[in-house]
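Here is the structure we will look at.
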Amino acid sequence: MSQPRPCRATAHSNIALVKYWGKRDGDDPALNLPAVGSLSMTLDVLRSETLVSPAQADGFELDGAQIGGKPAAKVFAHLDRVWRLADLNGARPPCSVRSTNHLPTAAGLASSASGFAALTIAAAGSFGICDQLDGPARAQLSAWARMGSGSAARSLWGGFVRLDAGSRGDGSDCLARQLHGADHWDLKLLVVHTARGAKQVGSTGGMESSRLTSPYYPAWVETSPADLDAAQTSLAARAFEPLGAVMEHSCFKMHACMLATQPPLMYWNGATLEVIRAVWSIREAGGPRGFVTSDAGPHVKVLCESAHAAALAQQLREVAGVHEVQIVAPGPDASLELL
Ligand code: 2P0
C-alpha cells in the first residue's frame with residue numbers, strides 16, 4: 002500500500018445495560034480482554050465521526066481543535082495497532098485523523114466506545130483492509146476496536162449487542178455480536194446530564210484499581226454471567242420490568258465494587274442520587290416507569306418504554322441539578338464511507 006485512502010466512519014455510542022468493569026488477569030494486556038461480558042444498547046444521536054486521510058505527518062483534530070499529548074498518542078498507537086494486526090508491511094504512513102464527537106467527551110457517556118469504533122473502521126478503510134462492513138469485517142474490526150477500548154467492541158453494531166468475555170488466552174472467543182436490531186423494541190434511553198466537563202478518574206485505571214483492591218470484585222465477576230443471560234432472555238421476550246430489574250442490579254453491583262475500591266471510586270454527584278431517587282419514586286407511585294443505570298461518570302441513563310419517555314423526561318428536568326435530558330432511541334450500525 003502506498004498511501005492511505007481518505008475514509009470516513011461513523012460509529013454510535015452505546016450504553017451497557019449489563020456492565021463491563023475489569024480486565025482479565027494474567028492474559029496479554031495488549032488484547033484488553035474483559036473479565037466479564039456485557040450487553041448494550043447502541044444509541045441513535047450520540048455518535049463519533051472520524052476521517053482518516055494521508056498527511057505529511059501524524060495529526061489529530063477533535064471537534065475542530067488540534068490535540069496533542071496523551072489523547073493523540075493513544076490515537077496514533079491505535080493506528081499502529083490496526084496496521085500491525087492487518088499484517089501490512091513496512092512503516093505505517095503518516096495520517097491525519099479528524100474526529101467529531103456528537104456527545105460530551107470523557108464524561109461517562111461512552112465517547113471512547115464510539116471514538117475507538119469509528120477510528121478502527123476509518124483506519125481499516127483507509128489502509129485498504131476493507132471497502133465495506135460485511136459480517137466478517139464487522140466482527141474482525143470489533144475485536145480490533147476492543148483493543149483500543151473494551152466498550153468500543155460493541156459499537157460496531159446497532160440495536161442490542163452482547164460482548165462475551167470468553168476464556169481463551171488469545172481472545173479468540175471474546176467476541177461481540179448483535180442480538181437484535183434497533184427496531185426490535187420501541188425503547189428509549191433518557192440521558193440525564195447532571196454535570197458538565199470530564200470525569201476525574203478514567204475507566205481503564207479505575208477498573209484496574211478495583212481488581213487490585215476491591216473486596217467485592219470477585220463477587221462482581223462471579224455473578225455477572227447470570228445477569229448477562231437474564232438480560233438477554235428478557236430482551237428477547239421484550240419483558241420490560243425484568244430487563245429493568247437486572248439492569249439496575251448490574252449497575253449497583255458495579256458501583257458497590259467501585260465504592261469498595263481503595264481509594265474509593267465515587268463517580269456520582271448529589272444530583273445523580275436525586276435523579277435515581279426521583280425515577281424510583283415516580284415508578285413506585287405508578288407514574289411513567291423507568292429503570293436507572295450509570296457509568297464511570299455522574300450522569301444517569303433511564304430506560305423506559307417509548308410511550309412514557311416524554312412525560313418522564315419532563316419530570317426529570319425538574320430535579321435540582323439536572324442540566325439537560327436527552328431522549329435517545331436504539332441506534333444504527335456503524336458505517337464506512339470511502340471518499
Ligand atoms: C461499560 N464502562 O460496560 C462500562 C460501564 C464504564 C462503566 O466500558 O479500559 O472506556 O478502554 O477498555 O471501554 C468504560 O470503559 O475501558 C466502560 P477500556 P472503557 O460500558
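Residues in the sequence shown are numbered consecutively from 2, following my numbering. Ideal placement from N, C-alpha and C gives every residue a C-beta, glycine not left out.
Residue i: first and last residue of the uninterrupted alpha helix (DSSP H) it sits in
i	result
Val-280	271 to 285
Arg-9	Careful: Arg-9 lies outside any alpha helix (DSSP H), inside the beta strand (DSSP E) at 8 to 19.
Leu-317	307 to 318
Where residue i falls, given that 16 or more other Cβ within 10 Å makes a residue buried
i	result
Leu-104	buried
His-324	exposed
Ser-14	buried
Leu-142	buried
Ala-335	buried
Ala-36	buried
Arg-155	buried
Gln-57	exposed
Leu-229	buried
Thr-43	buried
Asp-296	buried
Gly-136	exposed
Gly-332	buried
Asn-90	exposed
Thr-262	buried
Thr-224	exposed
Arg-197	exposed
Gly-170	exposed
Gly-70	exposed
Leu-339	exposed
Arg-212	buried
Pro-289	buried
Gly-206	exposed
Ala-183	buried
Cβ distance (whole Å) where residue i is taken to contact residue j below 8 angstroms
i	j	result
Ala-146	Ala-118	5 angstroms
Leu-18	Ala-232	6 angstroms
Ser-113	Ala-153	7 angstroms
Trp-269	Pro-299	5 angstroms
Ala-92	Phe-128	That belief does not hold up - the Cβ atoms of Ala-92 and Phe-128 are roughly 12 angstroms apart, past 8 angstroms.
Ser-97	Glu-50	Rounded, the Cβ-Cβ distance is 14 angstroms, inconsistent with contact.
Met-248	Leu-304	6 angstroms
Phe-241	Glu-306	6 angstroms
Asp-187	Cys-175	In fact, because the Cβ distance is near 31 angstroms, the residues do not count as touching under 8 angstroms.
Arg-318	Val-326	5 angstroms
Tyr-218	Gly-23	7 angstroms
Leu-52	Pro-7	7 angstroms
Leu-337	Leu-134	5 angstroms
Range of the contiguous beta strand (DSSP E) that encloses residue i
i	result
His-250	Careful: His-250 lies outside any beta strand (DSSP E), inside the alpha helix (DSSP H) at 241 to 260.
Ser-97	96 to 103
Val-329	325 to 329
Val-37	From DSSP, Val-37 is part of no beta strand (DSSP E); its letter is neither H nor E.
Gly-291	291 to 294
Leu-339	336 to 339
Distance cut-off 8 angstroms: residue i Cβ against heavy atoms of the ligand GTP
i	result
Asn-15	Questions concerning the ligand GTP fall outside what the structure shown contains, since the ligands it does hold are the ligand 2P0.
Checklist entry - What runs of the beta strand (DSSP E), each 3 residues or longer, lie entirely inside the stretch 110 to 144? => result Counting whole runs of 3 or more residues, the stretch 110 to 144 contains no beta strand (DSSP E) stretch at all.
Checklist entry - Could you give the uninterrupted runs of the beta strand (DSSP E) lying entirely in the stretch 39 to 71, keeping only those of 3 residues or more? => result As far as the stretch 39 to 71 is concerned, its whole beta strand (DSSP E) runs of at least 3 residues are 39 to 55, 60 to 63.
Item to check | Three CB pairs or more closer than 8 angstroms across the stretch 123 to 130 and the stretch 59 to 67 | outcome: With the rule of 3 Cβ pairs closer than 8 angstroms, the stretch 123 to 130 does not count as touching the stretch 59 to 67.
Next on the checklist: At 4 residues or longer, what runs of the alpha helix (DSSP H) sit wholly inside the stretch 161 to 236?
Outcome noted: Within the stretch 161 to 236, complete alpha helix (DSSP H) segments of at least 4 residues are found at 204 to 214, given in chain order.
Checklist entry - If you pair each beta-carbon of the stretch 192 to 209 with each one of the stretch 156 to 173, do three or more pairs fall below 8 angstroms? => result Here the stretch 192 to 209 does not lie against the stretch 156 to 173, with fewer than 3 beta-carbon pairs under 8 angstroms apart.
Next on the checklist: Pairs of beta-carbons, one from the stretch 268 to 285 and one from the stretch 234 to 243, closer than 8 angstroms: are there three or more?
Outcome noted: In this structure the stretch 268 to 285 does not touch the stretch 234 to 243; the number of beta carbon pairs closer than 8 angstroms is below three.
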